[in-house]
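Here the sequence shown stands for residues 22 to 173, numbered as in the working numbering. Step one of this worksheet: look at the structure below.
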Amino acid sequence: MTFVSISTALLILMIVIQELKYWKSVKIITIKSKSEIMVMAVSIISITAMMLILAKTPVHYFIGCLGILFFAADIQKQGISAKGIMIVARGKQLYQWHEIDHAEIVLSKQLKICFFSKSNSKIATQLYPCSMQDKIVRIFNENTLPFQTANM
22 MTFVSISTAL LILMIVIQEL KYWKSVKIIT IKSKSEIMVM AVSIISITAM
72 MLILAKTPVH YFIGCLGILF FAADIQKQGI SAKGIMIVAR GKQLYQWHEI
122 DHAEIVLSKQ LKICFFSKSN SKIATQLYPC SMQDKIVRIF NENTLPFQTA
172 NM
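Quick look at the structure:
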């Protein structure tokens, strides 16, 4: 075991712990699209294959498992938390409520919510189960986030 392997494992472990803290703070998790599920499955299979082919020491296997855990946690943490919205985009994971200007909710088979910044640019679009509408509206009202609702 080299210093680089151990350092890499510790660094990835710290990142995974941070991702799991974010995941734990999410109150309402988004619905994953078929493409997100496919990307996640292909990525996990690829990481597993690389780990099985290239790993030479237990630390390498540990790093591979942490990589899989990181990827799964990163995708699953998308949603609404008490502090704001959690996304996987633009290099920023948490948009706090004071950074969000307003939201647009479109009702159909699922709730499609578009979040907009103070400059009126779209931050993210997320899908939620319709059963969560009352809880989402309550969270928006608690955080004084203006929103519009439209039917599709």
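No residue lacks a Cβ here, since even glycine has one placed at the ideal position from N, Cα and C.
Within 10 angstroms of its Cβ, does residue i collect 16 or more other Cβ (buried), or is it exposed?
i	result
A145	buried
F24	exposed
V37	buried
I108	buried
Y149	buried
L31	exposed
G88	buried
A94	buried
G85	buried
M173	exposed
Q99	buried
I134	buried
M35	exposed
M153	buried
Under the assumption that residue i contacts residue j (Cβ atoms under 8 Å), give the Cβ distance between them as a whole number of angstroms.
i	j	result
I157	I49	6 Å
S26	T69	With 8 Å as the limit, S26 and T69 do not qualify as a contact, their Cβ atoms being about 19 Å apart.
L132	C151	6 Å
S67	S102	With 8 Å as the limit, S67 and S102 do not qualify as a contact, their Cβ atoms being about 29 Å apart.
At which residues does the beta strand (DSSP E) containing residue i begin and terminate?
i	result
H81	Here H81 belongs to no beta strand (DSSP E); instead the alpha helix (DSSP H) covers P79 to Q97.
I52	Premise fails: I52 is in no beta strand (DSSP E) and is neither H nor E.
A110	G105 to A110
S138	Q131 to S138
S152	Note, S152: premise wrong, no beta strand (DSSP E); not H, not E.
If you reduce the DSSP assignment to three classes, tell me which class residue i lands in.
i	result
L166	coil
T69	helix
K45	helix
A124	strand
K178	Nothing can be reported for residue 178, as the shown portion of the chain is limited to 22 through 173.
A62	helix
A30	helix
Can you tell which of the options has the C-alpha that lies nearest to the C-alpha of residue i?
i	options	result
I96	S142, F136 and V60	V60
F137	K130, D155, Q147 and Q131	Q147
F91	D155, W44, L115 and I101	W44
E125	E40, V63, F168 and E57	F168
K143	A62, I106 and K55	I106
Flag residue i as yes when its Cβ comes closer than 8 Å to any non-hydrogen atom of the ligand PLP, and as no otherwise.
i	result
P167	The model on display carries no ligand, and the ligand PLP is accordingly not part of it.
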